[in-house]
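Below is one structure; the comments refer to it alone.
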Amino acid sequence: MTGIDRRFFTGFSLSCILLATTFLTGCAAPKPAPQTSSQQAAPEPQKTFTSTRATPSDSTVPLDHRSNEDFRREKYPVDGRNFSPVDKNIAKLGKVKDDPDGSLNPYVLAIASCYPADGSYPYRCKPLEYDLYNGVTQDIWYKSRVVAKAHPNFTRCSYCCGLTFEVFCRAMEYRNIQKGLDPDDFNGMSFSDLFNLLQLWYIEGKGDSPQFGIDAYGLGKKIENLEDARAGDFLDFSRNNGTGHSVIFIEWVRDDANKIAGFKYFSSNSRGVGYQTERFEDTGGKVLHKYFRLARVGSIENYRKFDRTKIPFRRAYAP
Numbered sequence: 656m657t658g659i660d661r662r663f664f665t666g667f668s669l670s671c672i673l674l675a676t677t678f679l680t681g682c683a684a685p686k687p688a689p690q691t692s693s694q695q696a697a698p699e700p701q702k703t704f705t706s707t708r709a710t711p712s713d714s715t716v717p718l719d720h721r722s723n724e725d726f727r728r729e730k731y732p733v734d735g736r737n738f739s740p741v742d743k744n745i746a747k748l749g750k751v752k753d754d755p756d757g758s759l760n761p762y763v764l765a766i767a768s769c770y771p772a773d774g775s776y777p778y779r780c781k782p783l784e785y786d787l788y789n790g791v792t793q794d795i796w797y798k799s800r801v802v803a804k805a806h807p808n809f810t811r812c813s814y815c816c817g818l819t820f821e822v823f824c825r826a827m828e829y830r831n832i833q834k835g836l837d838p839d840d841f842n843g844m845s846f847s848d849l850f851n852l853l854q855l856w857y858i859e860g861k862g863d864s865p866q867f868g869i870d871a872y873g874l875g876k877k878i879e880n881l882e883d884a885r886a887g888d889f890l891d892f893s894r895n896n897g898t899g900h901s902v903i904f905i906e907w908v909r910d911d912a913n914k915i916a917g918f919k920y921f922s923s924n925s926r927g928v929g930y931q932t933e934r935f936e937d938t939g940g941k942v943l944h945k946y947f948r949l950a951r952v953g954s955i956e957n958y959r960k961f962d963r964t965k966i967p968f969r970r971a972y973a974p
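Quick note on our numbering: the sequence shown kicks off at 656 and runs consecutively.
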């Protein structure tokens with residue numbers, strides 16, 4: 656190698672090292688911003704699980720000197736079997752009592768009660784994170800594949816439609832297991848069907864909603880009369896300020912004349928997973944009557960056949 660060649664090779668190598676260092680520095684992920692809220696939390700129900708916040712391990716400790724518990728704390732509280740707080744609470748549920756109609760509602764409420772409502776399951780909804788995260792607190796599996804992804808920051812964060820979809824999936828699975836059925840069989844839906852339902856649930860297209868998806872896939876029915884609503888129904892609504900929410904209905908709030916004035920619900924809210932109360936715009940709140948959609952998943956015996964050719968096929972993002 657000539658002197659010119661050696662000088663060129665040395666300079667080129669140093670440039671590559673500097674370039675690589677620059678790119679590696681730029682890949683450091685920013686820490687999530689603290690969440691704020693302008694909403695006032697409603698009182699929690701009598702049966703509520705709590706969770707202790709995890710303390711992040713000291714990043715200055717070399718990796719080869721960290722204990723298993725150090726690593727587990729970084730992944731938000733899980734035990735040695737990788738059970739989350741919700742997993743452990745679900746394991747304690749036991750048999751869920753069916754209602755007279757055999758609907759999914761008792762299972763929805765039972766699963767919802769397993770989520771800590773103390774702020775330890777935070778809210779996170781930022782644009783353009785579909786490649787990382789589908790708003791669920793932990794990966795949701797169906798037919799041996801992940802249909803909805805948890806955020807890789809391991810904080811168990813969620814957003815509204817992600818959490819309600821997560822509760823729906825876990826309630827469906829729990830009911831199937833209790834009845835001795837395949838936990839991965841939701842009315843014969845394929846993985847692609849459930850992923851498409853997720854996108855209808857998340858309102859990726861015109862006319863989409865949890866109500867539309869539940870009805871389209873033959874799982875249940877729309878609730879048209881507000882007085883027919885029951886705890887455990889799925890609901891999405893819009894407000895007069897341009898925002899909306901996906902929630903699990905709990906109960907009505909009534910005025911002195913016993914007229915419906917608002918409602919209590921469970922969801923992932925700006926202060927984290929928990930319970931909130933809102934009112935309709937004609938009773939001092941912001942919720943629009945026109946965009947208030949309720950649905951109920953019915954009994955397994957009342958599932959209906961569905962026609963894929965009549966259901967919009969959404970491919971907003973890859974699973």
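C-beta: ideal position from N, C-alpha, C; glycine also.
- Looking only at A886, H720, K750 and V942, the smallest Cα-Cα distance to R830 is reached by K750.
- Fewer than three Cβ pairs drawn from the segment 909-916 and the segment 840-858 lie within less than 8 Å of each other, which leaves the two stretches out of contact.
- Residues of the same chain with a CB within less than 7 Å of the CB of C816, apart from the 5 flanking positions on each side, are G790, W856, Y857 and S901 in chain order.
- Counting of Cβ neighbours within 10 angstroms places T792 among the buried residues, the total reaching 16 or more.
- Beyond the five residues adjoining it in sequence on each side, K965 comes within less than 8 Å, by CB distance, of A871 in the same chain, given in chain order.
- Among the bridge pairs identified by DSSP, I795 is matched with A803.
- When DSSP reads this structure, A950 sits in a beta bridge with K877 and F889.
- Distance between D753 and R951, taken at the CA atoms: about 14 Å.
- Fully enclosed beta strand (DSSP E) runs of no fewer than 3 residues occupy 899-909, 915-924, 927-934 and 942-952 of the segment 890-956, in order along the chain.
- The continuous stretches of alpha helix (DSSP H) do not include S845, and DSSP gives it neither H nor E.
- When secondary structure is reduced to three states using DSSP, Y778 falls in the strand class.
- Put simply, the backbone Cα of Y762 is about 22 Å away from that of F892.
- Taking D962 as reference, the option from F921, G868 and G917 with the minimal CA-CA separation is G868.
- Ranked by Cα distance from G953, the first of S739, N760 and P777 is N760.
- Taken atom to atom, the span from the alpha-carbon of V942 to that of L783 is near 27 Å.
- Excluding the 5 residues flanking it on each side, H944 has same chain C-beta neighbours closer than 7 Å at F935, in chain order.
- When C-alpha distances from Q833 are compared across A746, R948 and S739, the shortest belongs to A746.
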